[in-house]
(Lines of atoms letter the chains of each structure in order from A and count residues from 1; the text may use other names and numbers.)
(Lines give C-alpha, C1' and ligand atoms only; values in the text may rest on other atoms or scores of the structure.)
Protein backbone atom coordinates (compact mmCIF):
# COMPACT_ATOMS: atom_id res chain seq x y z
CA UNK A 1 0.00 0.00 0.00
CA UNK A 2 2.86 2.39 0.77
CA UNK A 3 5.30 1.33 -1.95
CA UNK A 4 5.99 4.20 -4.34
CA UNK A 5 3.85 6.58 -2.29
CA UNK A 6 4.60 9.98 -0.75
CA UNK A 7 3.99 10.03 3.02
CA UNK A 8 4.16 12.97 5.43
CA UNK A 9 4.15 12.85 9.21
CA UNK A 10 3.75 15.97 11.31
CA UNK A 11 5.70 15.97 14.55
CA UNK A 12 7.83 13.27 12.97
CA UNK A 13 10.88 13.60 15.24
CA UNK A 14 8.98 12.33 18.29
CA UNK A 15 9.01 8.81 19.70
CA UNK A 16 6.17 7.69 17.43
CA UNK A 17 7.66 9.29 14.32
CA UNK A 18 10.99 7.55 14.71
CA UNK A 19 9.40 4.13 15.18
CA UNK A 20 7.05 4.78 12.26
CA UNK A 21 9.94 5.73 9.95
CA UNK A 22 11.93 2.66 11.03
CA UNK A 23 8.94 0.43 10.28
CA UNK A 24 8.12 2.00 6.90
CA UNK A 25 11.72 1.80 5.70
CA UNK A 26 11.94 -1.85 6.78
CA UNK A 27 8.68 -3.03 5.21
CA UNK A 28 8.05 -0.74 2.24
CA UNK A 29 9.71 1.34 -0.46
CA UNK A 30 8.03 4.76 -0.39
CA UNK A 31 8.83 7.42 -2.96
CA UNK A 32 9.15 10.13 -0.30
CA UNK A 33 8.92 9.96 3.48
CA UNK A 34 8.59 13.52 4.78
CA UNK A 35 9.32 14.54 8.37
CA UNK A 36 7.54 17.82 9.15
CA UNK A 37 8.52 19.36 12.49
CA UNK A 38 9.79 22.59 14.02
CA UNK A 39 12.99 21.53 15.83
CA UNK A 40 16.06 21.66 13.60
CA UNK A 41 18.29 19.93 16.16
CA UNK A 42 15.96 16.94 16.48
CA UNK A 43 15.75 16.72 12.70
CA UNK A 44 19.55 16.82 12.41
CA UNK A 45 19.90 14.08 15.01
CA UNK A 46 17.23 11.94 13.36
CA UNK A 47 18.83 12.40 9.95
CA UNK A 48 22.05 10.80 11.24
CA UNK A 49 20.07 7.60 11.82
CA UNK A 50 17.49 7.75 9.03
CA UNK A 51 19.06 9.05 5.82
CA UNK A 52 17.51 6.82 3.18
CA UNK A 53 17.26 8.54 -0.24
CA UNK A 54 13.47 8.76 0.17
CA UNK A 55 13.76 10.79 3.40
CA UNK A 56 12.88 14.50 3.41
CA UNK A 57 13.19 16.78 6.41
CA UNK A 58 10.97 19.88 6.37
CA UNK A 59 11.30 22.55 9.04
CA UNK A 60 7.83 23.90 9.79
CA UNK A 61 5.13 24.37 12.39
CA UNK A 62 1.53 23.17 12.10
CA UNK A 63 0.56 26.69 13.12
CA UNK A 64 1.85 27.82 9.70
CA UNK A 65 -0.76 26.88 7.09
CA UNK A 66 1.24 28.10 4.11
CA UNK A 67 4.27 25.99 5.02
CA UNK A 68 2.00 22.96 5.44
CA UNK A 69 0.55 23.55 1.98
CA UNK A 70 4.06 23.58 0.49
CA UNK A 71 5.11 20.43 2.34
CA UNK A 72 2.04 18.45 1.23
CA UNK A 73 2.40 18.94 -2.51
CA UNK A 74 2.13 15.54 -4.17
CA UNK A 75 1.61 13.72 -0.87
CA UNK A 76 -0.63 10.61 -0.77
CA UNK A 77 -0.87 9.89 2.95
CA UNK A 78 -0.59 12.07 6.07
CA UNK A 79 -0.20 11.11 9.71
CA UNK A 80 -0.84 14.00 12.06
CA UNK A 81 1.21 13.37 15.21
CA UNK A 82 2.25 16.93 16.10
CA UNK A 83 0.80 18.17 19.40
CA UNK A 84 1.59 19.83 22.69
CA UNK A 85 1.08 16.87 25.03
CA UNK A 86 2.33 17.75 28.51
CA UNK A 87 -0.70 18.13 30.79
CA UNK A 88 0.85 20.58 33.31
CA UNK A 89 2.39 22.71 30.54
CA UNK A 90 -0.98 22.89 28.77
CA UNK A 91 -2.70 24.01 31.97
CA UNK A 92 -0.11 26.76 32.45
CA UNK A 93 0.03 27.81 28.77
CA UNK A 94 -3.54 27.18 27.54
CA UNK A 95 -3.51 29.47 24.52
CA UNK A 96 -0.32 27.90 23.16
CA UNK A 97 -1.85 24.43 23.51
CA UNK A 98 -4.98 25.60 21.67
CA UNK A 99 -2.91 27.16 18.86
CA UNK A 100 -1.06 23.91 18.18
CA UNK A 101 -3.62 21.23 18.95
CA UNK A 102 -6.77 22.90 17.56
CA UNK A 103 -5.69 25.60 15.10
CA UNK A 104 -2.84 23.34 13.97
CA UNK A 105 -5.34 20.55 13.26
CA UNK A 106 -7.44 22.98 11.22
CA UNK A 107 -4.36 24.01 9.23
CA UNK A 108 -3.47 20.37 8.50
CA UNK A 109 -7.00 19.71 7.26
CA UNK A 110 -7.00 22.74 4.95
CA UNK A 111 -3.54 21.92 3.56
CA UNK A 112 -4.62 18.32 2.96
CA UNK A 113 -7.74 19.36 1.07
CA UNK A 114 -5.90 21.91 -1.06
CA UNK A 115 -3.41 19.20 -2.08
CA UNK A 116 -6.00 16.45 -2.61
CA UNK A 117 -4.23 14.03 -0.26
CA UNK A 118 -5.79 10.55 -0.36
CA UNK A 119 -5.90 9.47 3.30
CA UNK A 120 -5.21 11.11 6.65
CA UNK A 121 -4.99 9.61 10.13
CA UNK A 122 -4.78 11.89 13.15
CA UNK A 123 -3.31 10.56 16.39
CA UNK A 124 -5.52 11.09 19.42
CA UNK A 125 -5.30 10.06 23.08
CA UNK A 126 -7.37 8.41 25.78
CA UNK A 127 -7.41 11.81 27.48
CA UNK A 128 -9.75 13.06 24.73
CA UNK A 129 -12.58 10.87 26.08
CA UNK A 130 -14.40 12.70 28.90
CA UNK A 131 -11.53 15.19 29.20
CA UNK A 132 -10.78 16.87 32.52
CA UNK A 133 -7.66 18.75 31.43
CA UNK A 134 -6.96 21.22 28.64
CA UNK A 135 -4.77 18.82 26.69
CA UNK A 136 -7.59 16.27 26.54
CA UNK A 137 -10.11 18.97 25.64
CA UNK A 138 -7.96 20.22 22.73
CA UNK A 139 -7.49 16.69 21.43
CA UNK A 140 -11.26 16.09 21.61
CA UNK A 141 -11.72 19.24 19.55
CA UNK A 142 -9.06 18.02 17.13
CA UNK A 143 -10.82 14.64 16.81
CA UNK A 144 -14.09 16.42 15.99
CA UNK A 145 -12.35 18.54 13.36
CA UNK A 146 -10.83 15.55 11.59
CA UNK A 147 -14.09 13.59 11.61
CA UNK A 148 -16.08 16.57 10.27
CA UNK A 149 -13.41 17.18 7.62
CA UNK A 150 -14.93 14.28 5.67
CA UNK A 151 -17.88 16.59 4.94
CA UNK A 152 -15.52 19.37 3.87
CA UNK A 153 -13.89 16.96 1.42
CA UNK A 154 -17.09 16.84 -0.66
CA UNK A 155 -16.27 15.21 -3.97
CA UNK A 156 -12.56 15.12 -3.22
CA UNK A 157 -11.08 11.64 -2.75
CA UNK A 158 -9.65 12.62 0.64
CA UNK A 159 -10.71 10.62 3.69
CA UNK A 160 -9.94 11.43 7.32
CA UNK A 161 -9.91 9.08 10.34
CA UNK A 162 -8.61 9.16 13.92
CA UNK A 163 -6.67 6.64 16.00
CA UNK A 164 -6.99 6.79 19.79
CA UNK A 165 -4.85 4.75 22.16
CA UNK A 166 -3.39 4.83 25.67
CA UNK A 167 -0.02 5.33 27.33
CA UNK A 168 2.93 4.31 25.17
CA UNK A 169 5.58 2.33 27.05
CA UNK A 170 8.75 4.38 27.40
CA UNK A 171 7.70 7.34 25.25
CA UNK A 172 8.96 10.77 26.16
CA UNK A 173 6.98 12.22 29.06
CA UNK A 174 5.68 8.85 30.27
CA UNK A 175 6.25 7.56 33.79
CA UNK A 176 8.65 4.80 32.69
CA UNK A 177 11.63 7.08 31.89
CA UNK A 178 10.96 8.95 35.17
CA UNK A 179 11.03 5.72 37.19
CA UNK A 180 14.15 4.58 35.32
CA UNK A 181 15.97 7.82 36.15
CA UNK A 182 14.97 7.68 39.81
CA UNK A 183 16.06 4.04 40.06
CA UNK A 184 19.47 4.95 38.61
CA UNK A 185 19.71 7.73 41.20
CA UNK A 186 19.10 5.08 43.88
CA UNK A 187 16.16 6.89 45.47
CA UNK A 188 14.64 5.37 48.60
CA UNK A 189 11.06 5.50 47.30
CA UNK A 190 9.30 5.83 43.93
CA UNK A 191 6.50 8.44 43.75
CA UNK A 192 3.05 6.91 43.13
CA UNK A 193 0.13 9.27 42.67
CA UNK A 194 -2.47 6.76 43.90
CA UNK A 195 -2.25 3.01 44.43
CA UNK A 196 -5.57 2.58 42.56
CA UNK A 197 -4.38 4.36 39.39
CA UNK A 198 -4.56 2.38 36.12
CA UNK A 199 -3.58 3.08 32.54
CA UNK A 200 -3.98 1.45 29.12
CA UNK A 201 -0.61 0.09 27.99
CA UNK A 202 0.79 -0.23 24.46
CA UNK A 203 4.25 -0.40 22.90
CA UNK A 204 5.38 2.02 20.22
CA UNK A 205 5.57 -0.78 17.65
CA UNK A 206 2.03 -1.91 18.45
CA UNK A 207 0.85 1.68 17.98
CA UNK A 208 2.63 1.99 14.64
CA UNK A 209 1.28 -1.35 13.39
CA UNK A 210 -2.26 -0.37 14.41
CA UNK A 211 -2.07 2.88 12.46
CA UNK A 212 -0.61 1.22 9.37
CA UNK A 213 -3.43 -1.34 9.37
CA UNK A 214 -6.06 1.36 9.79
CA UNK A 215 -4.93 3.07 6.59
CA UNK A 216 -6.21 -0.11 4.91
CA UNK A 217 -9.36 -0.39 7.07
CA UNK A 218 -10.59 3.18 7.02
CA UNK A 219 -13.69 4.40 5.22
CA UNK A 220 -13.36 7.90 6.67
CA UNK A 221 -14.89 9.40 9.80
CA UNK A 222 -14.10 6.56 12.24
CA UNK A 223 -12.21 6.73 15.51
CA UNK A 224 -10.20 3.51 15.83
CA UNK A 225 -9.42 2.19 19.33
CA UNK A 226 -7.19 -0.87 19.84
CA UNK A 227 -7.95 -3.62 22.33
CA UNK A 228 -4.98 -3.38 24.68
CA UNK A 229 -4.26 -4.37 28.28
CA UNK A 230 -4.27 -2.20 31.39
CA UNK A 231 -1.68 -1.91 34.13
CA UNK A 232 -1.70 -0.63 37.69
CA UNK A 233 0.93 2.06 38.16
CA UNK A 234 1.91 0.46 41.48
CA UNK A 235 2.55 -2.83 39.62
CA UNK A 236 4.71 -0.98 37.10
CA UNK A 237 6.83 0.37 39.95
CA UNK A 238 7.16 -3.13 41.41
CA UNK A 239 8.12 -4.54 38.02
CA UNK A 240 10.85 -1.94 37.52
CA UNK A 241 12.15 -1.85 41.09
CA UNK A 242 10.87 -4.68 43.28
CA UNK A 243 13.06 -3.67 46.22
CA UNK A 244 12.21 0.04 46.34
CA UNK A 245 9.36 1.36 48.47
CA UNK A 246 6.52 3.54 47.17
CA UNK A 247 5.58 7.03 48.28
CA UNK A 248 1.98 8.13 47.63
CA UNK A 249 2.05 11.76 46.43
CA UNK A 250 -1.59 12.27 45.39
CA UNK A 251 -3.27 12.77 42.03
CA UNK A 252 -1.87 15.75 40.14
CA UNK A 253 -4.04 18.52 38.63
CA UNK A 254 -5.78 17.35 35.45
CA UNK A 255 -5.04 13.68 36.16
CA UNK A 256 -7.55 10.82 36.34
CA UNK A 257 -7.42 7.62 38.36
CA UNK A 258 -8.51 5.68 35.26
CA UNK A 259 -8.56 6.51 31.56
CA UNK A 260 -11.40 5.95 29.10
CA UNK A 261 -11.17 5.27 25.37
CA UNK A 262 -14.80 4.42 24.52
CA UNK A 263 -17.19 6.45 26.72
CA UNK A 264 -20.51 4.95 27.82
CA UNK A 265 -22.25 7.99 26.32
CA UNK A 266 -20.94 6.85 22.91
CA UNK A 267 -21.92 3.19 23.30
CA UNK A 268 -24.67 3.60 20.68
CA UNK A 269 -21.92 4.59 18.22
CA UNK A 270 -19.40 1.90 19.19
CA UNK A 271 -18.70 -1.23 17.17
CA UNK A 272 -16.57 -4.14 18.36
CA UNK A 273 -14.20 -5.87 15.94
CA UNK A 274 -11.87 -8.77 16.69
CA UNK A 275 -8.91 -6.69 17.89
CA UNK A 276 -10.29 -3.15 18.06
CA UNK A 277 -13.30 -0.90 18.52
CA UNK A 278 -14.64 1.75 16.16
CA UNK A 279 -16.52 4.86 17.23
CA UNK A 280 -18.77 5.88 14.39
CA UNK A 281 -19.20 9.59 13.64
CA UNK A 282 -22.06 11.44 15.31
CA UNK A 283 -22.79 13.26 12.04
CA UNK A 284 -23.83 12.08 8.59
CA UNK A 285 -21.67 12.83 5.58
CA UNK A 286 -23.31 14.34 2.52
CA UNK A 287 -23.62 11.89 -0.35
CA UNK A 288 -22.17 8.97 1.62
CA UNK A 289 -23.96 6.04 3.24
CA UNK A 290 -21.84 3.86 5.49
CA UNK A 291 -22.85 2.01 8.64
CA UNK A 292 -19.16 1.19 9.34
CA UNK A 293 -20.07 -2.38 10.30
CA UNK A 294 -17.86 -3.64 7.47
CA UNK A 295 -14.54 -1.86 6.98
CA UNK A 296 -12.50 -1.50 3.80
CA UNK A 297 -10.68 -4.78 4.58
CA UNK A 298 -13.97 -6.65 4.83
CA UNK A 299 -13.74 -7.11 8.60
CA UNK A 300 -17.12 -7.13 10.35
CA UNK A 301 -18.01 -5.37 13.58
CA UNK A 302 -20.96 -5.71 15.94
CA UNK A 303 -22.64 -3.07 18.12
CA UNK A 304 -21.64 -3.16 21.79
CA UNK A 305 -24.18 -3.30 24.59
CA UNK A 306 -25.77 0.00 25.57
CA UNK A 307 -23.78 1.59 28.38
CA UNK A 308 -20.55 -0.19 27.42
CA UNK A 309 -17.44 1.74 28.48
CA UNK A 310 -13.86 0.86 27.63
CA UNK A 311 -12.17 1.92 30.88
CA UNK A 312 -8.62 1.14 32.03
CA UNK A 313 -9.95 0.38 35.53
CA UNK A 314 -12.53 -2.18 34.40
CA UNK A 315 -10.61 -3.60 31.43
CA UNK A 316 -10.89 -7.38 31.02
CA UNK A 317 -7.11 -7.70 30.57
CA UNK A 318 -4.62 -6.53 33.21
CA UNK A 319 -0.91 -7.24 32.90
CA UNK A 320 0.75 -9.08 35.76
CA UNK A 321 4.06 -7.84 37.11
CA UNK A 322 5.84 -10.51 35.06
CA UNK A 323 3.97 -9.46 31.91
CA UNK A 324 4.83 -5.81 32.54
CA UNK A 325 8.50 -6.78 32.66
CA UNK A 326 8.14 -8.52 29.28
CA UNK A 327 6.31 -5.49 27.84
CA UNK A 328 9.14 -3.24 29.01
CA UNK A 329 11.69 -5.54 27.40
CA UNK A 330 9.78 -5.37 24.10
CA UNK A 331 9.89 -1.58 24.36
CA UNK A 332 13.65 -1.63 25.03
CA UNK A 333 13.36 -0.34 28.58
CA UNK A 334 15.82 -2.85 30.03
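Numbering (UniProt numbering), first residue to last: 1 to 334. Don't be surprised by glycine CBs; every beta carbon is placed ideally from N, CA and C. This structure is a prediction, so every number in the text was calculated from the model and none was measured.
Considering only residues of the same chain and omitting the five flanking positions on each side of residue i, which have a CB-CB separation below 6 Å?
i           : result
residue 143 : 124, 128 and 162
residue 306 : 267
residue 336 : Because the chain is modelled from 1 through 334, residue 336 falls outside the range shown and cannot be assessed.
residue 35  : 12 and 57
residue 228 : 200 and 202
Can you check whether the CB of residue j is closer than 8 Å to the CB of residue i?
i           : j           : result
residue 41  : residue 7   : no
residue 190 : residue 276 : no
residue 296 : residue 199 : no
residue 308 : residue 319 : no
residue 81  : residue 23  : no
residue 107 : residue 62  : yes
residue 16  : residue 207 : yes
residue 159 : residue 150 : yes
residue 269 : residue 282 : yes
residue 254 : residue 91  : yes
residue 21  : residue 57  : no
residue 196 : residue 257 : yes
residue 316 : residue 126 : no
residue 233 : residue 192 : yes
residue 169 : residue 115 : no
residue 182 : residue 153 : no
residue 235 : residue 325 : no
residue 263 : residue 130 : yes
residue 209 : residue 248 : no
Nearest CA to the CA of residue i: which residue from the options?
i           : options               : result
residue 155 : 203, 175 and 117      : 117
residue 165 : 121, 186, 192 and 180 : 121
residue 205 : 5, 1 and 19           : 19
residue 301 : 227, 278, 77 and 310  : 278
residue 29  : 244, 181, 280 and 5   : 5
residue 311 : 265, 64 and 291       : 265
residue 147 : 261, 224 and 194      : 224
residue 226 : 135, 167 and 84       : 167
Would you report the Cα separation of residue i and residue j, rounded to the nearest angstrom?
i           : j           : result
residue 230 : residue 175 : 15 Å
residue 3   : residue 171 : 28 Å
residue 47  : residue 284 : 43 Å
residue 215 : residue 119 : 7 Å
residue 25  : residue 31  : 11 Å
residue 96  : residue 274 : 39 Å
residue 177 : residue 184 : 11 Å
residue 332 : residue 139 : 28 Å
residue 105 : residue 252 : 28 Å
residue 43  : residue 240 : 31 Å
residue 94  : residue 83  : 13 Å
residue 186 : residue 238 : 15 Å
residue 341 : residue 27  : For residue 341 there is no data in the structure shown, the boundaries of the chain being 1 and 334.
residue 87  : residue 65  : 25 Å
residue 313 : residue 188 : 28 Å
residue 323 : residue 201 : 11 Å
residue 290 : residue 52  : 40 Å
residue 77  : residue 71  : 12 Å
residue 37  : residue 157 : 26 Å
With a CB to CB cut of under 7 Å and the five nearest residues on each side skipped, what residues in its chain are close to residue i?
i           : result
residue 39  : 13
residue 68  : 60, 62, 107, 108 and 111
residue 330 : 203
residue 211 : 79, 121 and 163
residue 293 : 271, 300 and 301
residue 145 : 105, 106 and 109
residue 288 : none
Does the beta carbon of residue i fall short of 7 Å from some heavy atom of the ligand NAD?
i           : result
residue 326 : Ligands displayed in this structure: none; no statement on the ligand NAD is therefore possible.
Do we get a CB-CB distance below 8 Å when we pair residue i with the residues of chain B?
i           : result
residue 249 : As a matter of chain content, chain B is missing from the structure shown, which is built from one protein chain.
> Counting pairs of beta carbons, one from the region 83 to 103 and one from the region 218 to 227, are three or more of them closer than 8 Å?
Replying inline: Output reads no: the region 218 to 227 does not touch the region 83 to 103.
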